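Structure record follows, encoded as structure tokens.
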Amino acid sequence: MSETLLAIENLRTYFYSRAKRAFIRSVDGVSLSVERGKTLGVVGESGSGKTVTALSAAGLVTASPGVIGGTITLRSNGSARNVLDGLERYVHAEEEDGRVVAVEKDERGWRRRSEALLAGVRGKEIAMIFQNPRAALNPYSTVGSQLVETIRLHTSFRGRGEAKERAIHWLERVRIDSPRLRFDNFPFGMSGGMCQRAMLAMALSAEPSLLIADEPTTGLDATIQSRIVDLLAELKAETAVATILISHDISVIQRLSDRVAVMYGGTVVETGRVDEVLAPEVEARHPYTAALLASIPNAETIRRKSYLQAIEGDVLDTIDVPRGCRFYGRCNRVKEAIRERCAGLEPPLAEVTPGHKIRCWLYPASANTAQKP
Amino acid sequence: MSKAILEVTGLRKDFSQFLGLLAKLTGETRVIPAVDGVSFYLRENETVGLVGESGCGKTTIGRTVLRLTDPSSGRIVFDGRDITHLSRAELRPLRREMQMIFQDLDAGLNPAMRVRDILREALTVHERPGDAEIASRIRELLEQVNLKESKLANFPSELSGGEKRRVGIARVLAVRPRLIVADEPTSALDISIQAQVVNLMRDLQKHLGLTYLFISHDLPVVELVSDKVAVMYLGRIVEMGLADDIAHRPRHPYTKILWASLADKQSMEASRRVHDVPVEAERRAWGAYDFEQPSGGCRFAPRCPLYQQQGRPAVCTDPASEPALRDAGKGHVVACHFA
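Just so you know, the sequences run in chain order A and B.
This note's numbering numbers the first residue of the first sequence as 1 and each following residue consecutively.
This note's numbering numbers the first residue of the second sequence as 1 and each following residue consecutively.
Printed below as a string of structure tokens:
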């Protein structure tokens with residue numbers, strides 16, 4: 001059994017929509033964990049809360065009210081720290097029927113506390129790469145100088161000369177050709193794939209224990225995407241950095257992940273080993289995961305030129321969250337016997353087999369878990 | 001066999017590059033051929049998929065064949081009529097027969113207009129129907145794109161991505177087009193919504209007899225919806241044939257790499273198998289083609305694994321012998337000296 005590096009428990013991150021006069025429940029009770037050196041793939045559609053979960057973990061949520069509950073525990077260097085420790089002092093959430101209706105948050109107090117807790121964590125222990133690498137790089141400074149800055153800040157290579165050598169070493173490791181020349185390039189002179197490599201070099205150069213990769217291949221060309229995926233696979237083997245990989249591209253998740261979490265409407269609806277959740281022949285599966293896999297053209301649908309099995313309805317907006325199961329309105333596997341429960345009561349994320357959890361009333365384990373106090 | 005509704009011959013579109021004021025004053029110019037001598041045709045009621053990486057000229061072809069931008073040279077024949085040099089006024093009646101679906105979900109949806117007014121405007125651009133007819137046509141359009149009537153009162157900002165796409169399609173259908181250029185119609189949508197839109201577009205084709213030029217980088221979707229597929233690389237079609245042949249029996253090394261990159265993402269073995277080139281050699285060769293200083297011959301040669309395997313034959317980089325499309329049987333054409 002390997003050791004848990006990061007554990008997110010019951011995280012809630014809300015935003016207030018002035019236009020709608022309501023909360024957007026982007027992340028609504030998410031629990032996830034990543035083991036040391038392993039990759040957790042997070043799959044979900046836009047608005048499912050995958051990015052906001054990651055941003056919350058890195059303390060990068062700025063909109064109000066933001067993180068309002070939960071714990072995020074990072075275990076490194078033999079100690080464990082909750083980067084949301086003491087949050088309850090700054091947040092007062094008013095609940096009605098177990099649902100948050102009003103939030104009072106001392107934003108400044110919270111931010112000060114959060115920044116103190118994250119000092120030495122963000123950028124050092126937890127590094128991030130984003131979907132749009134060009135936007136994340138500073139356009140006014142060369143790739144090399146940005147790398148040197150990171151290295152001098154976060155590692156023991158403090159001298160300019162040694163930091164530069166280290167930077168070139170990292171450019172080489174992310175397979176950028178002629179790294180010595182590229183060192184002096186500005187981001188605009190580099191292609192999208194190359195910028196993503198530079199981003200990755202910058203993230204890894206701090207020697208983090210956790211890398212959060214948010215849609216690292218989205219927006220790149222097909223051939224470049226597969227290069228970046230190859231690179232991530234190689235680096236995973238070389239550096240043993242634990243990774244939270246966020247993507248809507250199921251093939252990328254399949255290739256790189258050890259465990260997978262499927263998110264829908266701000267919650268995790270299924271989690272387990274990648275072969276338990278995404279392999280084609282698996283039986284126990286959340287109806288959403290099943291429908292998602294079925295809606296992608298496969299060899300069979302293409303050969304027979306048949307229609308795709310679309311999921312009816314629209315992606316849940318997390319403002320009007322239904323009482324019952326969040327997928328109820330689009331689910332094609334609701335049975336009469338459980339319909340009432342599906343519509344009225346949110347199922348718990350229950351263990352179907354050891355390590356494989358599904359949030360659905362179809363699986364008896366859910367009923368058992370719900371009955372427990 | 002049905003007749004060709006669109007025939008494109010030797011299409012070329014140059015974009016001139018801005019080199020600074022001094023160059024402008026001295027008259028120095030540099031043109032980049034975004035589309036460089038492309039020929040293809042579409043038969044009525046069929047779908048031709050156009051694939052390739054960003055910057056290869058897919059969208060420019062789509063825009064040029066509809067005359068949304070003027071070709072630099074070449075010939076575009078729509079429904080037996082040469083439209084290459086038609087004036088704006090002459091094009092106007094043809095506009096209703098050829099429409100475009102844009103990648104951007106908000107394109108064509110005026111944010112200050114309600115869905116009802118957006119559709120009404122589309123219905124009254126080319127004709128002057130009465131109120132009763134407008135109402136019945138709007139109802140028909142909603143039914144065709146499977147959109148609830150309650151959405152008519154909404155502004156575009158109140159719609160989800162899938163609904164915006166449906167309104168966009170309804171707006172295009174309002175003029176009863178025959179040819180639709182769909183430029184990445186699904187790429188801005190969530191996976192579960194993509195399937196809905198792909199199904200909808202195929203349904204509409206069946207019921208309304210539409211012809212699609214389907215531009216996308218989503219290879220499985222292209223393979224699913226297309227009868228024929230054209231693969232583009234840097235402004236040229238390098239291979240074209242039946243969708244099944246292109247996907248499963250590709251000849252051109254670029255097509256092979258493109259389709260393999262799909263399998264690639266799933267396993268390292270597949271990746272190794274396909275590239276079949278020493279990684280080092282390939283990495284060196286992976287430089288992009290430089291439009292500004294074009295190397296001679298085949299544009300794909302600098303990235304081509306076959307070129308490496310063949311021991312860098314001179315013919316591949318010979319400026320006098322850029323490979324032309326040649327017949328490989330069954331209407332399958334490929335532009336490569338060795339494929």
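Yeah, the Cβ is synthetic: ideal placement off N, Cα and C, and Gly gets one too.
On a predicted model such as this, the values are computed, not experimentally measured, just so you know.
Check                                                                                                                                                                        : Outcome
Under 8 Å by Cβ, that's how I've got A/Val268 and A/Val260 pegged, so tell me the actual separation to the nearest angstrom.                                                 : With 8 Å as the limit, A/Val268 and A/Val260 do not qualify as a contact, their Cβ atoms being about 10 Å apart.
Given B/Asp172, which residues of its chain have a CB within under 7 Å of its CB, disregarding the five upstream and five downstream residues?                               : Here residue 172 of chain B turns out to be Val, not Asp, going by the sequence shown. Counting only Cβ-Cβ distances below 7 Å, and skipping sequence neighbours, we find Gln99, Ile101, Ile180.
Whole angstroms are fine: how far does the CA of B/Val333 sit from the CA of B/Leu325?                                                                                       : 6 Å
Name the two residues that bound the continuous beta strand (DSSP E) containing A/Glu351.                                                                                    : 350-353
Identify the residues that DSSP records as bridge partners of B/Gln99: which are they?                                                                                       : B/Ile180
In whole angstroms, give me the CA-to-CA distance for B/Glu28 and B/Asp36.                                                                                                   : 21 Å
Classify B/Val315 as helix, strand or coil using the three-state DSSP reduction.                                                                                             : helix
Going by DSSP, what residues sit across from B/Arg43 in a beta bridge?                                                                                                       : B/Ala4
Relative to the C-alpha of A/Thr142, which candidate in A/Val34, A/Asn185, A/Leu117, A/Ala337 has its C-alpha closest?                                                       : A/Asn185
Which two residues bound the contiguous alpha helix (DSSP H) that contains A/Pro287?                                                                                         : 287-294
Kindly say whether B/Pro319, judged by its beta-carbon, lies nearer than 8 Å to any beta-carbon of chain C.                                                                  : Absent from the structure is chain C; the protein chains it does hold are A and B.
Return the CA-CA distance between B/Gly49 and B/Ala182, expressed in angstroms with no decimal places.                                                                       : 10 Å
Quick one: what's got a C-beta closer than 7 Å to B/Leu189's C-beta in the same chain, skipping five residues either side?                                                   : Gly161, Gly162, Arg165, Val197
When you compare each of B/Leu213, B/Ala243, B/Phe155 to B/Arg114 by their alpha carbons, which one comes out closest?                                                       : B/Phe155
List the residues that DSSP assigns as beta-bridge partners of A/Val268.                                                                                                     : A/Met263
Report yes or no: is there a C-beta of chain B within less than 8 Å of the C-beta of A/Ser154?                                                                               : First, the amino acid is wrong: residue 154 of chain A is His here, not Ser. No, its Cβ sits nowhere closer than 8 Å to a Cβ of chain B.
Which residues share a DSSP beta bridge with B/Tyr233?                                                                                                                       : B/Arg236
So, using beta-carbon positions, are A/Gln146 and A/Leu137 closer together than 8 Å?                                                                                         : yes
According to DSSP, A/Gly66 sits in a beta bridge with which residue or residues?                                                                                             : A/Tyr14
Starting from the N-terminal side, write out each stretch of the beta strand (DSSP E) that is 3 residues or longer and does not extend beyond the segment 87-141 of chain B. : 98-101
Could you tell me which chain B residues have their CB closer than 8 Å to the CB of A/Asp314, listed as they occur along the chain?                                          : Ser160, Gly162, Glu163, Ile193
Is the distance from the Cβ of A/Glu292 to the Cβ of B/Ser72 below 8 Å?                                                                                                      : A small correction: the amino acid at residue 292 of chain A is Leu; Glu does not occupy that position in the sequence shown. In this structure, B/Ser72 does not lie closer than 8 Å to A/Leu292 by Cβ.
Tell me whether the beta-carbon of A/Ala167 lies closer than 8 Å to the beta-carbon of A/Gly144.                                                                             : yes
Residues of chain A with CB closer than 7 Å to the CB of B/Val198, please, in chain order.                                                                                   : Leu308
Which class does A/Tyr363 belong to by DSSP, given the choice of helix, strand or coil?                                                                                      : coil
Given that A/His248 touches chain B, what residues does it touch there, using C-beta distances under 9 Å?                                                                    : Asp190, Ile191
Using 10 angstroms around the beta-carbon of A/Arg99, count the other beta-carbons present and answer buried if the total reaches 16, otherwise exposed.                     : exposed
Roughly how many angstroms lie between the CA atoms of A/Val315 and B/Ala301, to the nearest whole one?                                                                      : 44 Å
In the segment 212-238 of chain B, which residues sit with their C-beta less than 8 Å from some C-beta in chain A, listed in chain order?                                    : His217, Leu219, Pro220, Val221, Glu223, Leu224
Where B/Ser16 and A/Cys195 are concerned, what is the direct C-alpha to C-alpha distance, given to the nearest angstrom?                                                     : 26 Å
From the beta carbon of B/Glu149, is the nearest beta carbon of chain A less than 8 Å away?                                                                                  : no
Starting from B/Ala335, trace the alpha helix (DSSP H) in both directions and tell me its first and last residue.                                                            : First-last for B/Ala335: undefined, no H or E at that position.
By the 8 Å beta-carbon criterion, what residues does the segment 41-56 of chain B contribute toward chain A?                                                                 : Glu53, Ser54
Can you find the residues in the same chain that come closer than 8 Å, C-beta to C-beta, to B/Glu44, ignoring five residues on each side of it along the sequence?           : Ser2, Lys3, Ala4, Ile5, Arg178, Gly209, Thr211
Using a C-beta to C-beta distance shorter than 7 Å, which residues of chain A count as neighbours of B/Leu258?                                                               : Ala222, Thr223
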